[in-house]
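Using our numbering, read the sequence shown as starting at 1 and increasing by one per residue. We put the CB at the ideal spot given by N, CA and C, even for glycine.
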Amino acid sequence: MTEEPSERLIEQRIRNRLYEILEILADCDGGVDLVGIKGYFNLFEDFVHRPSIEAGTSALSKDERAIVLEIAEFLEAASETNPDFTRAEFIESDWPAKIAPTARDARTLFLRRGLFSEKVEELEPGQPAAVAAGR
């Protein structure tokens, strides 16, 4: 029987998934081509509007949370411009080019801390919680 992951481990994995999505958004038009128009909007949305992120209790740092929420606002504004964008219309609208620089900045910010383990709880990337607690 497999043990359910802790809430902390889930939050670490979510932060890692957000980083992967930032890679897609940072790729500008290529990101749209990779995941399609619906994926471009929905992948990020699936992870960012979690109570832990909105409340500031996730594995995101304060600065990471701020930039992730900024990107969410960009995506919401783009969606409100035309909720039925086709891929071509979306790329032509220049929204991917407007979103990409902030996604690149976010990606850089995430990498300053590094990525979290997918298997063990960590206080910070590379710092297992059990080791830190035993100091």
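By the neighbour-count criterion, in which 16 or more other beta carbons inside 10 Å mark a residue as buried, L111 falls on the exposed side.
With fewer than 16 other Cβ atoms from the protein chains shown falling within 10 Å of its own Cβ, P101 counts as exposed. Bounds of the alpha helix (DSSP H) holding E7 are 7 to 26. With respect to E118, A129 sits apart: the two C-beta atoms are not nearer than 8 Å. G31 and Y40 do touch by the CB rule: their CB atoms are close to 6 Å apart, below 8 Å. Here E64 is buried: its Cβ has 16 or more other Cβ atoms, across all protein chains shown, within 10 Å. Contact holds between the stretch 46 to 57 and the stretch 14 to 28, because three or more Cβ pairs, one in each stretch, are under 8 Å apart. In the structure shown, L109 adopts helical secondary structure according to DSSP, grouped into three states. DSSP, read as helix, strand or coil, puts E124 in strand.
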